[in-house]
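Structure, as structure tokens:
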Amino acid sequence: MENQELKAALKAKDAEIEELKRQLRGKNPLPAIRKSTEDELPSVNSEPTLDNEEIARYSRQLILPELGISGQVKLKNSRVLIIGCGGLGCPAAIYLAAAGIGCIGLVDFDEVELSNLHRQIELRLHGYCIKACVSNLFIRLNSRASCIPYHLALTSENAYQLIEKYDIVLDATDNVATRYLLNDACILTGKPLVSGSALRFEGQLTVYNHNGGPCYRCLYPKPPPPETVTNCSDGGVVGVVPGIIGGLQALEAIKLACGLPPSFSQSLLLFDAFSTFRTIKLRPKQRNCVICGESPSITKLIDYEQFCGAKATDKDAGLNVLGSKERISVQEYAEILQKKSDHMLIDVRQAVEMDICQLPAPAIIFVVCRRGNDSQLAVQELQKRLNGIQLKDIRGGLHAWAKHIDNNFPVY
Amino acid sequence: MSLNLKLEFSGGAELLVNKVKNHDITLPISSKLWTLRGLLDWIKDNLLAERPELFIQGGSVRPGILVLVNDADWELLGELEYELQDNDHIVFISTLHGG
Ligand SMILES: [Zn+2]
Chain U
64 MENQELKAAL KAKDAEIEEL KRQLRGKNPL PAIRKSTEDE LPSVNSEPTL DNEEIARYSR
124 QLILPELGIS GQVKLKNSRV LIIGCGGLGC PAAIYLAAAG IGCIGLVDFD EVELSNLHRQ
184 IELRLHGYCI KACVSNLFIR LNSRASCIPY HLALTSENAY QLIEKYDIVL DATDNVATRY
244 LLNDACILTG KPLVSGSALR FEGQLTVYNH NGGPCYRCLY PKPPPPETVT NCSDGGVVGV
304 VPGIIGGLQA LEAIKLACGL PPSFSQSLLL FDAFSTFRTI KLRPKQRNCV ICGESPSITK
364 LIDYEQFCGA KATDKDAGLN VLGSKERISV QEYAEILQKK SDHMLIDVRQ AVEMDICQLP
424 APAIIFVVCR RGNDSQLAVQ ELQKRLNGIQ LKDIRGGLHA WAKHIDNNFP VY
Chain H
487 MSLNLKLEFS GGAELLVNKV KNHDITLPIS SKLWTLRGLL DWIKDNLLAE RPELFIQGGS
547 VRPGILVLVN DADWELLGEL EYELQDNDHI VFISTLHGG
């Protein structure tokens, strides 16, 4: 009875949460997918000077001779587009806004996921939709910077039109197809592309399409086989690694906006959290590159999901290589467990994942040998390795089986 | 006489070679000079634990792996034909795509 009451109370609370969520969405509606980017261009009015408030706000930057008033004015009149508001894009946006970039566009299709929050530091502070939280952040951080959120997926249809309106593009995406799309769109529109990526304990950073340097396709003419690509949700990532790379992306963008030379054009920065930073000298722009070479064969955006053989998302594509008879549902498995039917469960995850959670141990594993001696040692050994699985020795082994159960059983 | 090399695998490529990033190797000096092409064959025979196609395809590294010789893109040095020198540092980096 008490149990029933608790269940009813829980149900009522769930309904209440849903209602509150609905109301919250009403207050901060998700920006609609924009059909045209035409009206979204910010008014960066190419002002030649700074006012007193700006001088006070940026004073520490202004006294650097490399930047000075003229550099700060260039930042103010610059537009930077960030594709991807995850672990790379969020820290980059923060520093760009704080540095005084006049207009920052933010493109992301993903709803913010709980499992992403350790990287999306800014989004954690402000709720769950890009528009609401980023706008709030920008108002707090720098009311002078305008921020345009685009809640959309970058596609071959909208990329050119969108990128054309910005001066510098940051690749902070999470998948191969979007990286090729972004590269081609930046070549076709003639924009420098500051590309960052991160996985596990490693990060990479380079600037494409700048001053005779290569593009993404110059380095990687062919996309990687899909089975060799690991995303952050499968491979894992330490949040501070994309934080570091995203911060460096912002720095490269700031230098580009001021007309200062970037550090990583035709050069690749490798960061390994277990060792150090390393810089690699890259090949120059390739003459035979299909997009930025001397006679490009790609002159407009193509179908990148087809080109890469993979979806433009970092979500699990869902492998389906077995026949329906070779797979069962969790309901069927639960039934097998309940009936204590004979079976063995093999969990093929890494040990570190086994520590997070496990299905109930399926059954008992019986161990047998000839006379029941080695099998006892085997049980001891297996107990050390198979945590939580019940193991039993069959006393007397096969000899006992032959004596008491099946007299025809061979004895040796 | 032999050729000493420092091999390094990163960006996830190390997962194909027993999860070990650094390998110090010694190649016997044969009548033929060692090129990167020869080194790839040697890696296939001696280091790749399983599924060599995740590292080598069509006689070269698979798309998405960058090869560096002493911190320079191998494209600047002749790619597969580059002749290995004693104490060369060869790095195989799998490109990262996450963010
Ligand atoms: Zn190119």
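Residue numbers (this note's numbering), protein chains in the order written: chain U, 64 to 475; chain H, 487 to 585. We treat Cβ as the ideally placed atom computed from N, Cα and C, and that holds for glycine.
Start and end residues, beta strand (DSSP E) containing residue i
i: A261(U); result: 256-262
i: P514(H); result: 508-514
i: R142(U); result: 142-146
i: R341(U); result: 340-344
i: P212(U); result: 209-213
i: D234(U); result: 231-234
i: L491(H); result: 488-496
i: G168(U); result: 166-170
Cut-off 7 Å between Cβ atoms - residues of its own chain near residue i, not counting five sequence neighbours on either side
i: P92(U); result: A caution first: P92(U) carries a pLDDT of 40, below 50, which makes its placement in the model unreliable, though a value can still be read off. For P92(U), where only same-chain residues beyond five positions count, there are no Cβ hits under 7 Å.
i: I167(U); result: V143, I145, A156, L159, A160, A208, C210
i: N274(U); result: S328
i: C281(U); result: R346, K348, Q349, C352, C355
i: Y223(U); result: A248, L251, T252, L364
i: L125(U); result: I118, G131, I132, Q135
i: A463(U); result: G435
i: I164(U); result: L138, S141, V143, A208, A320
i: I96(U); result: Unreliable positioning characterises I96(U) in this predicted model, as indicated by a pLDDT of 36, which lies under 50. The coordinate reading is nonetheless provided below. Excluding residues within five positions, the ones whose Cβ falls inside 7 Å are H214, L215.
Same chain, Cβ closer than 6 Å to residue i, neighbours up to 5 away in sequence not counted
i: D102(U); result: Annotation note: pLDDT 48 at D102(U) (below 50); position unreliable, coordinate value reported separately. Excluding sequence neighbours, D102(U) sits near nothing in its chain.
i: T512(H); result: S488, N490
i: H575(H); result: K492, N556
i: I427(U); result: Q453, K455
i: V257(U); result: L233, V270, Q312, E315, A316
i: Y121(U); result: Q135, G163
i: P324(U); result: none
Any C-beta of chain H under 8 Å from that of residue i
i: K348(U); result: no
i: S404(U); result: no
i: E353(U); result: Going by the sequence as given, residue 353(U) is Val instead of Glu. So, not an interface residue.
i: I211(U); result: no
i: R412(U); result: no
i: S260(U); result: yes
i: G298(U); result: yes
i: L256(U); result: no
i: L333(U); result: yes
i: E185(U); result: With a pLDDT of 46 at E185(U), under the threshold of 50, the modelled position of this residue cannot be trusted, and the question is left open.
i: V384(U); result: no
i: T236(U); result: yes
Within 8 Å, strictly: CB atoms of residue i and residue j
i: A320(U); j: L130(U); result: no
i: R263(U); j: D557(H); result: no
i: L151(U); j: A235(U); result: yes
i: P154(U); j: G253(U); result: no
i: C371(U); j: A162(U); result: no
i: V288(U); j: P549(H); result: The residue you asked about is not Val; residue 288(U) is Pro in the sequence shown. Going by C-beta atoms, P288(U) is nearer than 8 Å to P549(H).
i: S496(H); j: L333(U); result: yes
i: V503(H); j: L522(H); result: no
i: L582(H); j: A373(U); result: no
i: V547(H); j: L534(H); result: no
i: V292(U); j: G266(U); result: no
i: D377(U); j: C295(U); result: yes
i: P410(U); j: Q421(U); result: According to the sequence shown, residue 410(U) is Asp rather than Pro. Yes, Cβ-Cβ distance for D410(U) and Q421(U) is below 8 Å.
i: L225(U); j: L244(U); result: no
i: A441(U); j: V430(U); result: yes
i: S219(U); j: Y396(U); result: no
is_contact[residue i, chain U] using C-beta, thresh 8 Å
i: A535(H); result: no
i: L519(H); result: no
i: G585(H); result: yes
i: S496(H); result: yes
i: D559(H); result: yes
i: L582(H); result: yes
i: K492(H); result: no
i: P538(H); result: no
i: I542(H); result: no
i: P549(H); result: yes
Terminal residues of the alpha helix (DSSP H) in which residue i lies
i: K455(U); result: Run containing K455(U): none in the alpha helix (DSSP H); it sits in the beta strand (DSSP E), 453-456.
i: E416(U); result: 414-417
i: S296(U); result: 295-298
i: V393(U); result: 393-401
i: H467(U); result: 460-467
i: G266(U); result: Segment 265-271 is the beta strand (DSSP E) holding G266(U); no alpha helix (DSSP H) there.
i: V304(U); result: 303-321
Same chain, Cβ closer than 8 Å to residue i, neighbours up to 5 away in sequence not counted
i: K344(U); result: Q329, S330
i: D237(U); result: G147, G149, N294, C295, T376, D377
i: F472(U); result: L461, W464, A465
Pocket of ligand 1 (residues with CB nearer than 5 Å to any heavy atom), chain order: Here the residues close to ligand 1, judged by CB distance below 5 Å to any of its heavy atoms, are C278(U), R280(U), C281(U), C352(U), C355(U) in chain order.
When you check each C-beta in the segment 266-290 of chain U against every C-beta of chain A, which residues fall closer than 8 Å? Going by chain labels, chain A is absent from the structure shown, which instead holds the protein chains U and H.
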